[in-house]
Structure formats: structure tokens, C-alpha cells
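Undergrad: Sequential numbering from 1376 applies to the sequence shown in the numbering used here. Cβ coordinates follow ideal geometry from the N, Cα and C atoms, glycine included.
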Amino acid sequence: MSRVFNFSAGPAVLPEEVLREAAAEMMDYKGCGMSVMEMSHRSKMFESIIGEAEADLRELLNIPDNYKVLFLQGGASQQFAMVPMNLFKNRVGDYIITGMWAKKAYQEASLYGKANAVASSADKTFSYIPDVSDLPISEDADYVYICENNTIYGTKYKTLPNTKGKPLVADLSSCFLSEPVDVSKYGMIFAGVQKNVGPAGVVIAIIREDLITEDVLPGTPTMLRYKTHLDAGSLYNTPPAYGIYICGKVFKWLKNLGGLDAMKEINEKKAAILYDFLDQSKMFKGTVEKKDRSLMNVPFVTGDDELDALFVKESKAAGFENLKGHRSVGGMRASIYNAMPTEGVEKLVAFMKDFEEKHAK
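(1) Quick one: measure Cβ to Cβ for residue 1730 and residue 1609, integer angstroms, because I've assumed they're closer than 8 Å.
(2) Within 10 angstroms of the Cβ of residue 1482, are there 16 or more other Cβ atoms? Answer buried if so, exposed if not.
(3) Among 1435, 1679, 1659, which one has its Cα closest to the Cα of residue 1553?
(4) If you compare alpha carbons, which of 1666, 1692, 1657 is closest to residue 1676?
(5) Using a Cβ-Cβ cut-off of 7 Å (strictly less than) and excluding sequence neighbours within five positions of residue 1535, which residues of its own chain qualify?
(6) Measuring CB atoms only, is the region 1513-1522 touching the region 1693-1703, in the sense that at least three cross pairs come out at less than 8 Å?
(7) What would DSSP say about residue 1751, mapped onto helix, strand or coil?
(8) On the three-pair Cβ rule with 8 Å, is the region 1497-1517 touching the region 1663-1675?
(9) Hey, quick one: how far does the alpha helix (DSSP H) through residue 1605 stretch, first residue to last?
(10) Go ahead and pull the three-state DSSP assignment for residue 1429.
(11) Skipping 5 residues on each side, what residues in its chain have a beta carbon closer than 7 Å to that of residue 1555?
(12) Which residue from 1726, 1721, 1440 puts its Cα closest to that of residue 1688?
(13) Quick check on DSSP: helix, strand or coil for residue 1566?
(14) Can you tell me whether residue 1501 is helix, strand or coil according to DSSP?
(15) Can you tell me whether residue 1467 is helix, strand or coil according to DSSP?
(16) Can you check which of these residues, 1604, 1576, 1579, is closest to residue 1588 by C-alpha distance?
(17) Spatial neighbours of residue 1531 within its chain, please: CB distance less than 6 Å, with the 5 preceding and 5 following residues excluded, ordered by chain position.
(18) Write down every uninterrupted run of the beta strand (DSSP E) in the region 1475-1548 whose length is 3 residues or greater and which is fully enclosed by it, in chain order.
(19) In terms of alpha-carbon separation, which member of 1515, 1655, 1613 lies closest to residue 1415?
(20) Which residues in the same chain have their Cβ closer than 6 Å to the Cβ of residue 1646, if we skip the five residues on either side of it in sequence?
(21) Could you tell me the boundaries of the beta strand (DSSP E) in which residue 1452 lies?
(22) For residue 1470, I'd like the list of residues in its chain whose CB is within less than 6 Å of its CB, leaving aside the five on either flank, ordered along the chain.
(23) Taking just the CA atoms, how far does residue 1527 sit from residue 1405?
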């Protein structure tokens, strides 16, 4: 068996060390005679798994005591509805539109109240992050919402918006745990884990405790209330137990690497290898303004659709998977999440150099 270099935007590459550990424990977790997949979520064994996962996550992010950690289901897309359902008091939310996922969240919030687009980068195909230093924040806004790293378009906020005192709600799905984060600057962070932390099926939400109340929109289902999950310790119903177990292993992997400061340094070096090549290449070009480039998702094009298609075909044959760009933008995209080894980026750049030499006009 040979492992490919998987540049998928999600579900994405996981650390080999984690996969090997999980494989070794598949039939018998710590002598209990069963797999975590078969284990009761009410058992002492699983309670220790989820408890340890939360403790390690709190340590990695230095999460303040007045923030609660929830392990949820429904994907980040379900949070597009849960956020307004739980946080709307005045039924007003201010949204910064920097890509498809922020736009979808904005549209979903519009079903429950007034969603204001206070800034957008749609004018240049979401290739930059707008100036967020002095936005027209609504006086009655319940929160300001961002998608901090834009998976499809490859942009990343380097400075958080000035919310003028309103809670900041941020979708961190594609940059979660890629670098240190000051959790206290947010009212709420959420992330689908399938990009950088674990298998699809788990959402991690970190919410300031004063935002978790019984005062939700009328008709909000029990399962879509943050307080339901807080009160039950994320065990109100059967959680995505195996996914949480894998997340816990990834948290330990990150701790063993030296934490998020060390991870950020690795990610910056990895991204520089690819961006430096794109900046000097005569064939390939990055599509994002340099100041707003993501460390996680790197879109690029040749400027020729046929050449793009040929590159995707030949790269796949060479063992580089999932380099085709999102269907809405075309071109190529390399997602180089935490678990992508530096070797994978180096070999991709070597392949790109050969491809350019072979097909130079």
C-alpha cells in the first residue's frame, strides 16, 4: 500500500501517526474488548475519551473558563441556522461576505431576522479581505459574523474586524488549530472538524457562557439549542463518538508537536514553499492578494482551462490527489492543512516545475 498526497479541502488528510494508533485500537480499545465505534456513549470509558479531548483542546487554545466547549453534529452548515436561532435577541446580525460559506450563513440568517451585509469582497471574486477597521456596525446587531479562512477562495483574515462592542461569531472550519487564537476576542467560534482536526461528522463550538441562554427564537428545536448540549455535556443524544475520539488523538498529536505556536511555524514554512514558487512561475499564478493569503488553502491557475485540466489529470497520475479547484471557481487548489507533510508540498512544487518546463509555450 502506498499513501497518496491528499490535497483535498475536506474531508482532508489526517496525521499518519493518528491513523496508525486508531488502527491498532480498532478491535480493542485499551483492553475493553471492543472498538470505540461499538462503545456506549454513556460508558465511563467514553466519558473519559470526551473529557480528555475537551481538556486537551482547552490547553491547546488556552480557552478561558467562561467559554464552553460543545461537540455537535450537523456540520458547520447547521451552525448557519443555530447561530441566529440562539443569538438573535433583536433579530439583527451583521455579516461580512468573503466567500460562499459566509454568503450561505448570511442567507440562512435572513430566514430568522435581518441580516446586514456590512462588507463584501464579491466585487473581485472574493480574492481579498475587505477593510474591517471601521465598518457600519448596526447599533442593534446581536453579533458580527465572519468566515475567518475561506476554503474555496484561499483568503484569511489577518486582523479581526472592529465589531464596536458586538460579539464576534467566527466560522474557523478550515483554519481551526492551525495557529494560536485569542479565544477571548470572540463571542463564539465554531468549526467543522473534517478539514484540519478529524473525520466528517463533528462540529466543535466554543461559546462564551453568557451567550448560551434559554432565550432563543420561538420554535427553536430542542436539538438546536446550545443550552441543551451544554447541560448534557455534549451527550444529550448519541454523539459522533468515533469522530470525537479521533479529534482527541489529533489534539494529543498537536500537543506533542509543541502546540499551536509550533504548528503555525510549520504551516508558514510549508505555505512559503508553494507561494514562493507561484510568485516566480511564468505559468502558474496565485489568485489571492498577497496580504490576505491563507496558509491552509492555496488556489492557483494557469490562465488556460485546457492546461488546468491537463495539470489535474497528470498530477493525479503522479500521486497528487484532489488538486482540482472548487467547481464554482475552477483552476486548481492545494489544501495544505496541518497533517499535510512538508514533503508533500515540496514534491508538488517539483511536479509543477516539471509540468511548466514540459508545457511552456
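TA: Looking at the atomic coordinates:
(1) Contact flag wrong, Cβ pair sits at about 46 Å.
(2) So residue 1482 ends up on the exposed side.
(3) 1435
(4) 1657
(5) If we look at residue 1535 and ignore the five residues flanking it on each side, its Cβ neighbours are 1543, 1560.
(6) no
(7) Because the chain here runs from 1376 to 1736, residue 1751 falls outside it and cannot be looked at.
(8) yes
(9) 1601-1606
(10) helix
(11) 1635, 1636, 1639
(12) 1726
(13) Note: residue 1566 maps to strand in three-state DSSP.
(14) coil
(15) strand
(16) 1604
(17) Closer than 6 Å at Cβ, skipping near neighbours: 1524, 1669.
(18) Counting whole runs of 3 or more residues, the region 1475-1548 contains the beta strand (DSSP E) stretches 1489-1495, 1518-1522, 1543-1546.
(19) 1613
(20) Here the set comprises 1670.
(21) From DSSP, residue 1452 is part of no beta strand (DSSP E) but of the alpha helix (DSSP H) over 1450-1462.
(22) 1481, 1490, 1492, 1520
(23) 40 Å
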